[in-house]
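What follows is one structure encoded as structure tokens, with my remarks underneath.
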Amino acid sequence: MLFGRPHLLGLEGLSAEEITFLLDTAESFKEVSEREIKKVPTLRGRTVINLFFESSTRTRTSFEIAAKRLSADTVNLSAQASSASKGETLTDTARNLAAMRPDAIVVRHPSAGAAHLLARHVPCPIINGGDGAHEHPTQALLDLLTIRERKGTISGLTVAIVGDLLHSRVARSNLFGLRTMGAKVRFVGPPTLVPRDFAELGAELVYDLHEGVHDADVIMMLRIQRERMNGRYFASLDEYSRLFCLSADAVARARRDVIILHPGPMNRGVEISSTVADGPYSVIMDQVTNGVAVRMAVLYVLVGRRKDAGAEERAEHAEHEEGEDHPGASDRAAERTGGGHAAPATPNPPGLAARGRELS
């Protein structure tokens, strides 16, 4: 198995092999969504909790559909419906949920590092559904899958990510994932929303839209996250739109086969024109479709494969218990052959007995 991590907290630190494994697994699950009966029994009897402390349409719905298509039971909790509204800490909320023995918790929280905190206190897999301005790994994975489907590869591409980079967890996860997969990444926006620190992470910083999208293979637009802004980063939305809204004229400066992505929700006329959003270069709806497949893959790898690994370990242990090294095995073999002497035992494969002793 090429992904042995117990949680998915971010793309930072994942290898190209791990990311490719997740993308390949997601690609294999896309077929399920095209069936008349869109369900497989992979996670039957398993429970997935969606713990969302921020508003969400696509991510929470996508995780819920993904879990149900794998036959898992789902429980959706919001901040208003949880004891957090009564003053309970995030850790205590998670511990109480963990005591009910879920098989995975998907968490979205306005504070960076929330998913990492839960992973230290909860025994089941934690999936980061977005933590503050830190990371949003499944969004980046579905973006990578969409790019790979349309371009055939990610390595060697130039990807321009345009907009509110300062507050974007999507941009950070995509930066880590794209660079790991061999792409060149440009961050494009006004200087107030494109901090110089991003250059240390490997992004090329550009402060002009037309220059930033020039010869780009992929353009990813980001919305202005006014809910996270505690100051004035530009004079007005009208000025921002005039300088950084992706129009047909700006798209014409990119490569002829450019594709346009947006993680949503879109603010039409602010960061992207309707002509571009609904035009022939847009793959925004493909991203939404791929989101279900990616989240099915993540749940399968973290929950389903975990179950399979446990079953294999128990089977190996049981096989050893029946092996020749176990006390009484010779007597039982003799009884089966009806004689006073044991039938010759089939030798164990090399190393099996040693592994059995370690497990026992």
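Taking my numbering, the leading residue of the sequence shown gets 1473, the next gets one more, and so forth.
The C-beta atom is built at its ideal place from N, Cα and C for all residues, glycine as well.
Bear in mind that the values here come from a model prediction, so they are computed numbers and not experimental data.
_Residues sharing a beta bridge with Thr1546, DSSP_ = Checking the DSSP bridge columns, you'll see Thr1546 partnered with Val1520.
*Ser1645 and Gly1482: beta carbons closer than 8 Å?*
Contact flag set, yes.
*Chain-order list of residues whose beta-carbon lies under 7 Å from that of Ala1586 (same chain, five-residue window excluded)*: Counting only Cβ-Cβ distances below 7 Å, and skipping sequence neighbours, we find Leu1562, Val1579 and Asp1603.
*With DSSP run on the structure shown, which of helix, strand or coil describes Asp1680?*
In the structure shown, Asp1680 sits in coil (DSSP, three-state: anything other than H, G, I, E or B).
*Using a Cβ-Cβ cut-off of 7 Å (strictly less than) and excluding sequence neighbours within five positions of Leu1614, which residues of its own chain qualify?*
Cβ neighbours of Leu1614 within its own chain (closer than 7 Å, five residues either side excluded): Gln1759, Asn1762, Gly1763 and Val1766.
*From the DSSP output, in three-state form, read off Lys1656 for me.*
In this structure, Lys1656 counts as strand in the three-state DSSP scheme.
*Applying the criterion that 16 or more other CB atoms from any shown protein chain within 10 Å of the CB defines a buried residue, is Ile1509 buried or exposed?*
Exposed, because fewer than 16 other Cβ atoms sit within 10 Å of the Cβ of Ile1509.
*For the segment 1589 to 1602 against the segment 1618 to 1634, are there 3 or more C-beta pairs whose distance is under 8 Å?*
Not touching, per the Cβ criterion.
*Assigned secondary structure, Arg1786 (DSSP; H/G/I helix, E/B strand, else coil)*: Because the pLDDT at Arg1786 is just 49, under 50, the model does not fix this residue reliably, and the point stays unresolved.
_Less than 8 Å between C-beta atoms, sequence neighbours within five positions excluded: which residues of the same chain meet that for Val1547?_
Taken in chain order, the residues that qualify are Thr1519, Val1520, Ile1521, Asn1522 and Pro1574.
*May I ask you to check if the CB of Arg1516 is nearer than 7 Å to at least one heavy atom of the ligand FMN?*
As far as ligands go, the structure on display features none, and thus does not contain the ligand FMN.
*When burial is assigned at 16 or more other CB atoms within 10 Å of the CB, is Gln1611 buried or exposed?*
Around the Cβ of Gln1611, a 10 Å sphere holds 16 or more other Cβ atoms; the residue is buried.
_Beta-carbon proximity check, Thr1514 vs Gly1776, cutoff 8 Å_ = Contact flag set, yes.
*So which of Asp1750, Leu1480, Leu1647 and Val1773 has the shortest CA-CA distance to Val1634?*
Ranking the options by Cα distance to Val1634, first place goes to Leu1647.
*Under the rule that 16 or more other beta-carbon atoms within 10 Å means buried, what is His1593, buried or exposed?*
With a 10 Å radius around the Cβ and a threshold of 16 neighbouring Cβ atoms, His1593 comes out exposed.
*asked:* My assumption, with CB atoms under 8 Å, is that Ala1566 sits in contact with Leu1771. Please give the rounded CB distance.
replied: Contact check for Ala1566 and Leu1771: beta-carbon distance about 18 Å, past the 8 Å limit, so the pair fails to qualify.
*Taking all protein chains shown into account, do 16 or more other C-beta atoms lie within 10 angstroms of the C-beta of Met1692, making it buried, or fewer, making it exposed?*
Taking all protein chains shown into account, Met1692 has 16 or more neighbouring C-beta atoms within 10 Å of its C-beta and is therefore buried.
*Member of Ala1584, Val1685, Gly1654 and Ile1696 whose CA lies at the smallest distance from the CA of Leu1637*: That would be Ile1696, whose Cα lies nearest to the Cα of Leu1637.
*What are the residues that DSSP puts in a beta bridge with Asn1600?*
BP columns for Asn1600 point to Val1579.
_Residue from Gly1684, Leu1733 and Arg1704 whose Cα sits closest to the Cα of Ile1756_ = When C-alpha distances from Ile1756 are compared across Gly1684, Leu1733 and Arg1704, the shortest belongs to Leu1733.
*Taking all protein chains shown into account, decide if Ala1834 is buried (16 or more other Cβ within 10 angstroms of its Cβ) or exposed.*
Since the first residue shown for the chain is 1473 and the last is 1832, residue 1834 is missing from the structure and cannot be characterised.
*When we look at the beta-carbon of Ser1708 and count the other beta-carbons within 10 Å, is it buried (16 or more) or exposed?*
Exposed, by the Cβ-count rule.
*Counting along the chain, where does the beta strand (DSSP E) carrying Ile1626 start and finish?*
That residue, Ile1626, is in no beta strand (DSSP E); it is neither H nor E in DSSP.
*asked:* Whole angstroms are fine: how far does the CA of Glu1560 sit from the CA of Arg1728?
replied: Using only the alpha carbons, I get a separation of about 53 Å.
_The alpha helix (DSSP H) enclosing Val1770, as first and last residue numbers_ = First-last of the alpha helix (DSSP H) with Val1770: Ile1756 to Leu1771.
_Nearest-angstrom Cα separation, counted from Ser1505 out to Leu1549_ = Per the coordinates, the alpha-carbon of Leu1549 lies some 25 Å from the alpha-carbon of Ser1505.
*Indicate whether Pro1735 and Val1642 have their beta-carbon atoms separated by less than 8 Å.*
Taking 8 Å as the cut-off, the Cβ atoms of Pro1735 and Val1642 count as close.
*Alpha-carbon spacing of Met1738 relative to Glu1503, whole angstroms*: Computed Cα separation, rounded: 28 Å.
*If you run the structure through DSSP and keep just helix, strand and coil, what is Glu1607?*
In the displayed model, Glu1607 falls within a strand according to three-state DSSP.
_Quick check on this structure: which residue in Pro1582, Arg1541, Pro1597 and Arg1658 has the alpha carbon closest to the alpha carbon of Arg1477?_
Proximity to Arg1477 across Pro1582, Arg1541, Pro1597 and Arg1658 peaks at Pro1597, based on C-alpha coordinates.
*Label Leu1681 either buried or exposed according to how many other C-beta atoms from any shown protein chain fall within 10 Å of its C-beta, with 16 as the threshold for buried.*
The C-beta of Leu1681 has 16 or more other C-beta atoms within 10 Å across all chains shown, which makes the residue buried.
*asked:* Applying the 10 Å Cβ sphere with the 16-neighbour rule, what's the burial state of Ala1655?
replied: Counting every other CB atom within 10 Å of its CB across the protein chains shown gives Ala1655 a total of 16 or more, marking it as buried.
*So Leu1562 is in the alpha helix (DSSP H); what residue range does that whole segment cover?*
From DSSP, the alpha helix (DSSP H) with Leu1562 extends over Leu1562 to Ala1570.
*asked:* By the three-class DSSP mapping on this structure, what secondary structure does Glu1807 have?
replied: With a pLDDT of 42 at Glu1807, under the threshold of 50, the predicted position of this residue should be treated as unreliable, and no value is reported.
*Is it right to say Pro1609 is buried, meaning 16 or more other beta carbons lie within 10 angstroms of its own, or is it exposed?*
Pro1609 is buried by the Cβ-count criterion.
*Would you mind working out which of Thr1664, Thr1618, Val1678 and Tyr1679 sits nearest Leu1650, comparing C-alpha positions?*
Residue Thr1618 is the option with its Cα nearest to Leu1650.
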